[in-house]
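The numbering used here applies: residue 95 is where the sequence shown begins, and numbers increase by one.
Below is one structure, written out as structure tokens; the observations come after it.
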Amino acid sequence: MQSAMSRGQGIVEMFTALAGPALGWQIQEGQFRLVYPAGKESGHGSSQAARRVREEQARSLGGYFSFDLAREQLGETSLERPLAVDGAPLPFNGFAADFVYRSISIPDLTVDQIVRLGVRHARRAVEQVAGFAPVRGVGDDRHHSSGK
């Protein structure tokens with residue numbers, strides 16, 4: 095877990111360091127984000143094709159992008175962004191050439207709440223990464239396997 099400044103605002107974040115897809119979370123400007131940074135491998139780039147690969151890779155990670163743990167700890171939260179539509183693929187926001195995420199608005203949190211929220215989602219990220227490999231994508235020979 096680390097804290098820094100980004101775009102003139104404080105940010106607290108954590109990313110997995112395991113082989114395979116990276117997962118993580120961020121708290122910044124009243125938002126809690128569940129994130130998938132694709133890194134420099136498949137899905138990296140500013141093209142729509144690369145963005146689609148990143149989003150498909152993130153979708154392959156199943157329940158990681160559920161905010162149930164946050165709601166369990168914090169109570170009712172805002173709607174998830176971007177809004178999901180029944181029967182449609184789970185949508186994502188994007189940042190830079192390698193990063194997609196989903197978010198909820200959160201109230202002002204205490205340090206204890208941030209630590210607890212971070213630890214719970216860090217555990218989930220590590221568990222998810224341990225069981226999945228990225229789906230095959232642009233310039234990538236690896237295949238998706240759930241192992242579950």
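Cβ coordinates follow ideal geometry from the N, Cα and C atoms, glycine included.
Rounded to whole angstroms, ASP206 and TRP119 show a C-alpha spacing of 16 angstroms.
Between ALA152 and VAL194, the C-beta spacing is below 7 angstroms. Here ARG101 is exposed: its Cβ has fewer than 16 other Cβ atoms, across all protein chains shown, within 10 Å. Counting every other CB atom within 10 Å of its CB across the protein chains shown gives LEU117 a total of 16 or more, marking it as buried.
If you look at ILE105, you'll find it isn't in any alpha helix (DSSP H); it sits in the beta strand (DSSP E) that goes 103-109. At a Cβ-Cβ threshold of 7 angstroms, MET108 and ALA216 count as neighbours.
Going by beta carbons, GLY212 and MET95 fall inside the 7 angstroms limit. Uninterrupted alpha helix (DSSP H) stretches at least 4 residues long and entirely within the segment 137-206 occur at 142-153, 162-168, given in chain order. In this structure, the alpha-carbon of GLN103 lies about 7 angstroms from that of GLU123. GLY181 counts as exposed, since fewer than 16 other beta carbons sit within 10 angstroms of its beta carbon. Annotation for MET99: the continuous beta strand (DSSP E) segment containing it runs 96-100.
Taking 7 angstroms as the cut-off, the Cβ atoms of GLY139 and ALA190 do not count as close.
In the three-state scheme derived from DSSP, where H, G and I count as helix and E and B as strand, GLY225 is classed as helix. For GLY188, the number of other beta carbons within 10 angstroms of its own is below 16, and it is reported as exposed.
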